[in-house]
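Below is one structure; the comments refer to it alone.
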Amino acid sequence: MLRLIRHTAVILITLALLASNVLLLTNTAFNAAISTALATTLGVRTVSSALSAKLAGSERQARVLKSAQVKRNAAVRGFGKNLTARTKRVAARGIAAIPAESIPYIGAAVVVSSMVYELFEACETLRELDSLYADLGVAENVPSDAMSTLCNPPPLEELFPNPLSQPDV
């Protein structure tokens, strides 16, 4: 009789262990419950708790990345909107200046003023591009020589020295 009870107990324990193994591998709720029970009673860090912590950290990181992506998208969208509007303005003024450029004497002034306007708009584009780079966190900035050449050009005397005003050597 004692032997029958012992054999029955061994068979029941073996079946319970097999069932728990199958449930641990196939049922996430059972796995989480057993993992939590082991972690709280024995103080053991289980694979399930480690993965849960990692998943919670990655969800936090995903939210941070999502907000950064939203900010970058807004910066790019704003830059594109401004660049489109500026390009339309420059093209419209350039086309409107064509008839005035053909007028003798006045045409030269119109050509120069159109060029000055286009340089001003190009400088504004470079400033916005620099701002976009900063918003995106891009380490590269607009080259300083491009900014200084377009936005702070040297005086005309430096670019085109007058050979008549220089003293003879």
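All letters in the sequence shown, in the order written, are residues 295 to 463 by this note's numbering. Don't be surprised by glycine CBs; every beta carbon is placed ideally from N, CA and C.
Contacts around residue i, its chain only, beta-carbon distance under 6 angstroms, and the 5 residues preceding and following it disregarded
i, result
"V405", "E395"
"D429", "A369"
Same chain, Cβ closer than 7 angstroms to residue i, neighbours up to 5 away in sequence not counted
i, result
"R380", "E415, E418, T419"
"A440", "L420"
Three-state class that DSSP yields for residue i in the structure shown
i, result
"T340", "coil"
"I282", "Outside the shown range of the chain (295 to 463) lies residue 282, about which nothing can therefore be said."
"M295", "coil"
"N315", "helix"
"Y399", "coil"
Nearest-angstrom beta carbon gap, residue j and residue i [assumed within contact, 8 angstroms]
i, j, result
"F373", "L426", "5 angstroms"
"N325", "S342", "6 angstroms"
"V340", "L332", "It is Thr, not Val, that sits at residue 340 in the sequence shown. Right, the Cβ-Cβ distance comes to about 6 angstroms (below 8 angstroms), so this counts as a contact."
"N376", "E422", "6 angstroms"
Residue j beta carbon less than 8 angstroms from that of residue i
i, j, result
"R387", "S408", "yes"
"L318", "I307", "no"
Cβ shell of residue i (< 8 angstroms), same chain only, five flanking positions each side left out
i, result
"E434", "Y427"
"V384", "Y411, E412, E415"
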